[in-house]
Amino acid sequence: MRLTWLDEPTLDAVRTGLRTVAPDLADATIVPRGLEPTDDPRWCAASAVVDGRFVVKFAWAQPPTRRIWHEARVLDALRTAAPRLPLPEVVAMSRAPAMLVTRRVPALPFFDVRHLIGPAHRHLAARDLATVLATLHHPDVLRTVSEAIDPLPDPTTEAATHTTTDTLRDRFGTLVGPDQRDRVLSWCDRADQALAAPGRTVLVHGDFHGDNHLWDRHTLRLRLIVDLETVGAGEPEFDLRCLPGDCGIDLFTATVAHYQELTGTTVDMNRVMAWHLRTVLGDALWRAEAGIALPDKRTPAQWVDDLTARFATLGTLN
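Residue 259 in full-length UniProt numbering sits at position 259 of the sequence shown, and the numbers go up by one each step.
Here it is, written out as structure tokens:
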């Protein structure tokens, strides 16, 4: 059966899709999230909370339709490959139209609780993050998922998820002054050196930032990993790349220490920070060029200062 998608980004279209995919939910209350028209077909997708108990993902163009179906297949494969991972419970999945319905979990994005994680909670929070990534990165998990989904994409080379150092060299300099521009050029050279040789290959989440792991506000424990649309074959350092900024250096380094203990492997911090550089400056670049404010309402120059402090503290890309 070929993949299809909704005709338009409307609640009526969502209800029509649900009548096929999950008929019992079609007449329930639907609260959409991100249901906005866009001219770029890559982002013609959204989600909604249905009946207060379920989350449905859907699309109205082909590119995100493929991502939603990929996530549905990944979740199905991971039930066998890594049953202990805290993943959404799939209630219904469909190719025509492509929809994924999962059970809603009362938890908050990490960004909403990170200010609560102080020294007393750091050990357990780091252990939770490390355990999830170590489980996902286990060689047996890659083997099992690869058998179910062949070929797996490489998130590190997907155009929608990364910015090259050449792009940063060519375009980021217009956002900062001469001193910072020279600093960015130097970082790009060192990042290229750090990533010149291929890394170890594991199954990666591909977009492991603070909106994609959900936490219990009261216990400050990790409850759920979400948005697995970018899962594929990559290197472990790629999955760690958001943590230095999202978590802060203390929680990040604690997570790395736990990860190394759990996996018996060594994390290459220069590789992590090379990916971190490309992710942070890439995010700042596209937002600035699109006229969209940075998430924390600061400037690209201030983000460069943040990177300067992180690299100095970790002793990386120097």
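All C-beta atoms in this analysis are idealised placements derived from N, C-alpha and C, irrespective of residue type, glycine included.
All figures in this text were calculated on a predicted structure; none of them were measured in a lab.
The shortest C-alpha to C-alpha distance from V21 to any of A98, G34, R53, Y259 is the one to A98.
Between W275 and R241, the C-beta gap is smaller than 8 Å, which places the two residues in contact. The Cβ neighbour count for Q180, taken over all protein chains shown within 10 Å, is at least 16; the residue is labelled buried. Within the region 83 to 122, complete beta strand (DSSP E) segments of at least 3 residues are found at 90 to 95, 98 to 103, given in chain order.
With the rule of 3 Cβ pairs closer than 8 Å, the region 192 to 210 counts as touching the region 227 to 235. Put simply, the backbone Cα of R2 is about 7 Å away from that of A96. In the DSSP annotation of this structure, the continuous segment of the alpha helix (DSSP H) that includes V304 starts and ends at 300 to 314. If you look at W286, you'll find it isn't in any beta strand (DSSP E); it sits in the alpha helix (DSSP H) that goes 269 to 290. Every alpha helix (DSSP H) of 4 residues or more that sits fully in the region 122 to 178 is shown, in chain order, as 139 to 148, 165 to 171. For G234, the pairing in a beta bridge is given by DSSP as V202. In the DSSP assignment, P295 forms no beta bridge with any residue. The C-beta of S47 has 16 or more other C-beta atoms within 10 Å across all chains shown, which makes the residue buried. Burial state of N212 is buried, judged by a 10 Å Cβ sphere holding 16 or more other Cβ atoms. The continuous stretches of alpha helix (DSSP H) do not include V226, and DSSP gives it neither H nor E.
Distance from the CA atom of F111 to the CA atom of R310, rounded to whole angstroms, is 19 Å. Short of 7 Å from the beta carbon of D216, and not among the five residues preceding or following it, lie these beta carbons of its own chain, in chain order: A107, R223. Taking the C-beta atoms as reference points, P63 is found nearer than 8 Å to R42.
DSSP lists L108, L222 as the bridge partner or partners of W215. In the DSSP assignment, R67 falls within the unbroken alpha helix (DSSP H) covering 62 to 81. Cβ-Cβ distances below 8 Å link L6 to A13, V14, T16, G17, F58, A59, W60, P97 in the same chain, with the five nearest sequence neighbours on each side left out; the list follows chain order. Beyond the five residues adjoining it in sequence on each side, R104 comes within less than 8 Å, by CB distance, of V49, G52, R53, F54, V55 in the same chain, given in chain order. Taking all protein chains shown into account, A72 has 16 or more neighbouring C-beta atoms within 10 Å of its C-beta and is therefore buried.
R190 and E235 have their C-alpha atoms some 18 Å from each other.
Rounded to whole angstroms, the gap between the alpha carbons of H162 and A120 is 35 Å.
In terms of Cβ geometry, G173 and P109 do not form a close pair [threshold 8 Å].
Contact between N270 and L317 holds, since their C-beta atoms are separated by about 6 Å, short of 8 Å. P23 sits in a helix when the DSSP states are folded into three classes. Contact check for V90 and L75: beta-carbon distance about 5 Å, within the 8 Å limit, so the pair qualifies. Straight-line measurement puts the Cα of L25 at about 40 Å from the Cα of R122. Put simply, of R278, V101, T263 the residue whose alpha carbon is nearest the alpha carbon of A130 is T263. Rounded to the nearest whole angstrom, the CA to CA distance from V113 to A125 is 11 Å.
Under DSSP, I30 forms a beta bridge with V50.
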